[in-house]
Every structure is written in C-alpha cells, then in structure tokens.
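The opening position of the sequence shown corresponds to residue 50 in my numbering, with each subsequent residue numbered one higher.
Glycine included, every Cβ here is placed at the ideal spot set by N, Cα and C.
Single-structure report; data block below.
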Amino acid sequence: MDLSLWRIRGDRRVGSGGSLAVILVSRVSFSMRIAEIYRSIQGEGELTGVESVFIRTSGCNLRCHYCDTPFASWFPEGDDWAVSDILDQVNRLGTSHVVITGGEPMLFAELVPLCDRLTSLQKHITIETAGTLFQPLHCDLMSISPKLSNSAPDPQQHPQWHRRHETTRHAPNVIQDLIQHYQYQFKFVIAHPSDCDEVLTYLKQFPDVHRSRIMLMPEGTSQERLSHVGHWLEPYCEQSGFTFCARKQIEWFGN
C-alpha cells in the first residue's frame with residue numbers, strides 16, 4: 050500500500066503485551082466531513098461564556114449511548130468541506146475563538162492544515178476530543194473527555210459497537226501524549242456516584258494531572274436531569290478538589 054498520500058492519525062498501545070497499533074484513517078484530501086459550523090457561546094469548561102465559532106466534524110470512532118449529537122456519531126450527516134471553505138465561513142462568523150468538536154475531530158488528517166491556517170489567522174483553538182487519537186497540531190486548549198464505562202452502548206442492541214467502543218475508549222498512551230504537548234482540561238461525564246470512583250481510579254494512571262484541571266460534568270440533555278445529578282455532584286466536587294462543569298448551553302438554549 051502506498052502510504053505517501055496518507056497521514057498516521059494516531060497510535061495506541063493495545064492488549065496486555067503493549068504492542069503498537071498504528072491507525073490509518075483516510076487519504077489526505079484537504080476536505081473534511083462537516084455536520085455544522087455556527088457561532089454561539091461556549092457552555093462548558095474553562096472558557097464558558099466566550100463567544101466562539103463551532104466547527105462540528107461528522108464521524109466518530111466511539112458510540113456513547115448518551116451522545117447528544119447523534120447526527121455526528123451514530124448517524125453521521127454533513128457535507129465534505131474544503132479547508133479553505135471552512136476558513137472562509139469562520140472568517141464570516143467573525144470571532145477570535147474557534148472550537149473544533151464532533152463527532153471526533155482527531156479522525157481527520159485535514160485537522161492539521163486547518164489548525165495551521167487558523168493559527169496564522171490568530172484564532173484561539175479549542176479541540177474537543179475523547180482522547181483516543183493523537184495528531185501533532187496547533188491547539189491552544191485540548192479539551193479531553195475520556196469515556197467511562199457509563200458511556201458504553203447497550204450490548205444487546207448494539208453488540209458490535211459495544212465491543213468496539215469498549216476496546217477503543219481508553220488509550221492511556223494517547224492521553225499521556227496530549228497532556229504532555231498541550232494546555233488541557235479533562236471533562237468527565239458523570240451519571241451516578243460510582244462514576245466518581247471510576248474517575249479516581251482512572252486518574253491514578255496520570256499522577257501529574259492536578260485536580261484543578263479535572264472537571265466533572267453531569268450527564269443529561271434536559272435541565273431537569275442536569276439539576277438532579279448536579280444536586281449531589283457539585284458538593285462532591287467542592288469536597289474533592291475537582292471543578293464542577295455545568296452544561297450552560299442546555300440552560301441557555303435547550304438541547
């Protein structure tokens with residue numbers, strides 16, 4: 050196979066033996082499948098309240114059962130956009146902050162030239178990723194949302210995706226690369242108190258990560274559900290040194 054037209058998207062160690070698996074995803078075509086590009090206000094994380102242009106890529110290597118953007122994961126929609134056309138739309142929408150989200154934007158080799166061009170335009174770039182793939186690119190904030198066991202799709206309804214999801218969702222060497230190379234924040238989706246115990250176990254693999262960089266976010270797509278989880282999660286964060294991450298966009302705009 051001629052690799053000259055391909056980029057290596059990322060790598061992760063798999064299996065107990067730690068053998069290296071190299072992931073080749075798609076040809077470099079300088080176009081990306083885009084679900085939507087729009088201007089709004091960041092509702093999560095340390096940049097909450099900042100006006101931003103959101104670039105949502107379409108396609109994901111995971112299938113979280115609670116995914117609130119299934120049109121970019123379970124049932125990917127959208128069109129192929131040239132990098133130049135994406136940049137034109139970003140400029141038309143006119144903010145200094147750009148959030149590249151998905152789906153999983155790290156699937157696309159074209160993310161590298163896109164981030165290069167955005168950086169040359171002096172845009173602040175946030176990339177929202179599940180932390181399963183690594184690419185060397187320009188990024189001001191890597192927003193990493195590792196998926197806990199609560200994310201797995203139903204094994205009866207989706208047995209193949211359940212297996213794939215469970216073998217893909219945790220890539221510790223990729224996480225280590227991300228936190229070594231980028232300014233970062235972690236966002237964990239929490240549905241039950243037991244999820245907090247899982248976060249503590251997860252973080253033992255990364256002793257250099259300070260708790261101030263860790264955000265716990267209630268699972269849900271309705272204000273009622275978010276309030277229900279947040280009622281006990283916010284006090285837990287205060288006691289544990291984590292940051293409570295509200296999902297303000299649902300409060301402001303609905304799901």
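Excluding sequence positions up to five before and after residue 162, its CB lies within less than 7 Å of the CB of 79 and 132, all in the same chain and listed in chain order.
Taking the Cα of residue 270 as reference, the smallest distance to any Cα among 114, 250 and 204 is reached at 114. Boundaries of the beta strand (DSSP E) around residue 130: 128-131. Each residue's CA atom was taken as its position, placing residue 167 and residue 107 some 19 Å apart. Beta-bridge pairing by DSSP links residue 234 to 192. In the DSSP assignment, residue 161 falls within the alpha helix (DSSP H) that extends over 160-169. The residue among 191, 181 and 183 with its C-alpha nearest the C-alpha of residue 173 is 191. One thing to note: residue 135 has its Cβ no nearer than 8 Å to the Cβ of residue 105.
About 5 Å separates the beta carbon of residue 180 from that of residue 224, a gap short enough to meet the 8 Å contact definition.
The C-beta distance from residue 186 to residue 160 rounds to 6 Å, short enough to fall under 8 Å. Straight across, the Cα-Cα distance linking residue 303 with residue 272 is about 8 Å.
Taking residue 213 as reference, the option from 177, 275, 128 and 198 with the minimal CA-CA separation is 198. Excluding sequence positions up to five before and after residue 294, its CB lies within less than 7 Å of the CB of 93, 94, 236, 264, 265 and 266, all in the same chain and listed in chain order. Pairing residue 240 with residue 255, the inter-Cα distance amounts to about 23 Å.
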